[in-house]
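Only one structure is covered here, and it is reproduced in the block below.
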DNA sequence: AAAAATTAATTAAACGTTTGTTTAATTCAA
DNA sequence: TTGAATTAAACAAACGTTTAATTAATTTTT
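Residue numbers (the numbering used here), protein chains in the order written: chain U, 929 to 1141; chain D, 929 to 1141.
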């Protein structure tokens, strides 16, 4: 029973943190939304800060494992790997918008050092892996001599930009103000297609050959 | 004397908000950092929230005017305009990292509706203008049939990604952990060049002709 | 030009809430 | 009957804001 309750609290926490921010969410807000006593949060997690760290550790494994499995697959070309990584990130970000907004918030706020450092570490390994795939493609003369780090920033940054805020996303994509763009199946296709096309045009020597589907 | 003091408070506020977030920054923090009495912030601005809105209105005019002046200049090609807009955004974001982190924070947090709505409005007009420039280039057959909205998201998103956090940026660019990447003149060149190159490769029919400088 | 009256700027202290956390008592399950 | 789970109540500290008193600057009147 207690494990389920911990998970329940964490699920409520990620939603509230994403809507109101870490500082903007009180333990009382959390307890009320999760329908548990105020004292239970500290009973289970020790403190509000430790709840947050627990949240990171639980939620952040998936993408790490995804990239690891691609990394040393000899049957895939470097372009295949990049395309699969784009698919992975878009799927991941769109299916967990609340969690990824919380991550972004902690990257932006530098004074909660423990939380900040925890989020930074998540990104570091992923960055290095993707960059080294791009570098390998360049060495094999499959790719042009692009800037691998900044190209990775463009991939992630494009998704993050769309994910910044729902109303922002609706304005960007000319949707009605009230609608929920993140659960629109069209959006996922559209983002994936745009990023892949842009990355291919930028990476490949003869991008004109590649036809838009 | 009072106008200078208001500006002084706002300058301190943008720094503190960017480091600690809006909720994470107390009026007492602000008053102490600006070396004024606690009551002065409410005396000048009315409330903490109104201080924030005042901050937006003062700081956010520049980019608006920049794009407006480009918009109807017949001597510039659509690609010229896009390149100048990229220059403008990179310069602007890198020279005011604190302010733009505050903007991003408010986009991420949706429950402070007044502040959120104010930031959204800033972005809306800029988005529409840049999109219509890209669309014009497509109609003139200068550009391929790209996704104008998402290409704009890629431009802004790339810069935002690099600006998310200093240590994040240092990791991304392989710099030492302590250094200040945003005041490195090399970084501005590198970002500008990457985005322009990527956008050109994506937009132009024969990107191979365009030579990297 | 000096004095008086009025307005603006600044202060320290206090306001009532809300914050994260803890306690001590109670309920529940093993 | 022992230990874990749960509760309501209380804790001190910090929050944004307001007050009432004082000083500084400006305007009006003499």
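Glycine is no exception: its CB is placed at the ideal position from the N, C-alpha and C atoms.
Identify the contact partners of residue i in chain U, using a Cβ-Cβ distance below 7 Å as the criterion.
i               : result
residue 1035(D) : 1092, 1093 and 1096
residue 1089(D) : 1081, 1084, 1085 and 1088
Starting from residue i, find everything on chain U with Cβ-Cβ shorter than 8 Å and list it in chain order.
i              : result
residue 994(D) : Neighbours of residue 994(D) on chain U: none; closest Cβ ~20 Å, over 8 Å.
Taking all protein chains shown into account, decide if residue i is buried (16 or more other Cβ within 10 angstroms of its Cβ) or exposed.
i               : result
residue 989(D)  : exposed
residue 941(D)  : buried
residue 1076(D) : buried
residue 1095(U) : buried
residue 1141(D) : Any reading at residue 1141(D) must be qualified, since the residue scores a pLDDT of 37, below 50, and its modelled position is unreliable; the value itself is stated next. By the neighbour-count rule (16 or more Cβ atoms within 10 Å), residue 1141(D) is not buried but exposed.
residue 1067(D) : exposed
residue 1017(U) : buried
residue 975(U)  : exposed
residue 950(D)  : buried
residue 1138(D) : Here residue 1138(D) scores only 45 on pLDDT, less than 50, and its place in the model is too uncertain to base an answer on.
residue 1009(U) : buried
residue 1133(D) : exposed
residue 1135(D) : The predicted model places residue 1135(D) with a pLDDT of 45, which falls under 50 and marks its position as unreliable; any figure quoted below should be read in that light. Buried, by the Cβ-count rule.
residue 1052(D) : exposed
residue 946(D)  : buried
residue 929(D)  : Since pLDDT at residue 929(D) reaches only 46, below the 50 mark, its modelled position is unreliable, and the value read off the structure follows with that caveat. Per the 10 Å Cβ criterion, exposed.
residue 937(D)  : buried
residue 967(D)  : exposed
residue 1124(U) : buried
residue 1028(U) : buried
residue 1106(D) : exposed
residue 1127(U) : buried
residue 1111(U) : exposed
residue 1040(D) : buried
residue 987(U)  : buried
residue 1005(U) : exposed
residue 1089(D) : buried
Cβ closer than 7 Å: which chain D residues qualify as neighbours of residue i?
i              : result
residue 948(U) : 1037 and 1039
residue 951(U) : 949, 951 and 952
Please check the pair residue i and residue j, which I expect to be a contact at CB under 8 Å, by giving their CB distance rounded to whole angstroms.
i               : j               : result
residue 1024(D) : residue 1036(U) : That pair is no contact at about 14 Å.
residue 1003(D) : residue 1082(U) : Between residue 1082(U) and residue 1003(D) the Cβ distance is about 30 Å, and since that is not below 8 Å, they are no contact.
residue 1120(U) : residue 1014(U) : 6 Å
residue 1130(D) : residue 1074(D) : 6 Å
residue 1100(U) : residue 1055(D) : 6 Å
residue 1007(U) : residue 1065(U) : 7 Å
residue 977(D)  : residue 1042(D) : 6 Å
residue 958(U)  : residue 969(U)  : 6 Å
residue 944(U)  : residue 961(U)  : 6 Å
residue 1098(U) : residue 1109(U) : 6 Å
residue 1085(U) : residue 953(D)  : Actually they do not touch by this definition, with Cβ atoms about 26 Å apart.
residue 964(U)  : residue 933(U)  : 7 Å
residue 1118(U) : residue 1078(D) : 7 Å
residue 1116(U) : residue 1022(U) : 5 Å
Which residues in chain D sit within 9 Å of residue i, going by Cβ to Cβ distance?
i               : result
residue 1048(U) : 1093, 1095, 1096 and 1099
Kindly examine the ligand GTP and report whether one of its heavy atoms sits closer than 8 Å to the Cβ of residue i.
i               : result
residue 1011(U) : Looking at this structure, you won't find the ligand GTP or any other ligand, since it has none at all.
Which of the residues in the segment 1050-1081 of chain D, read from start to end, lie with their CB under 9 Å from any CB of chain U? Identification of residues in the segment 1050-1081 of chain D having a C-beta nearer than 9 Å to some C-beta of chain U yields 1051, 1052, 1055, 1056, 1059, 1072, 1073, 1074, 1075, 1077, 1078, 1079, 1080 and 1081, given in sequence order.
| message | Can you pull out the residues from the segment 1005-1035 of chain D whose beta carbon lies closer than 7 Å to at least one beta carbon of chain U? | response | Listed by position along the chain: 1029, 1032, 1033 and 1035.
Point to revise | Where the segment 1100-1129 of chain U meets chain D: residues whose CB sits under 8 Å from a CB there | key: Residues passing the 8 Å Cβ filter: 1100, 1101, 1102, 1118, 1119, 1121, 1122, 1123, 1125, 1126 and 1129.
Discussion item. So within the segment 957-1024 of chain U, which uninterrupted beta strand (DSSP E) runs reach at least 3 residues, ignoring any that extend past its ends?
Written reply: Listed in chain order, nothing qualifies, since the segment 957-1024 of chain U has no complete beta strand (DSSP E) run of 3 or more residues.
(message) Which complete alpha helix (DSSP H) runs does the segment 1040-1100 of chain D hold, if anything under 4 residues is left out?
(response) As far as the segment 1040-1100 of chain D is concerned, its whole alpha helix (DSSP H) runs of at least 4 residues are 1041-1067, 1076-1091 and 1094-1100.
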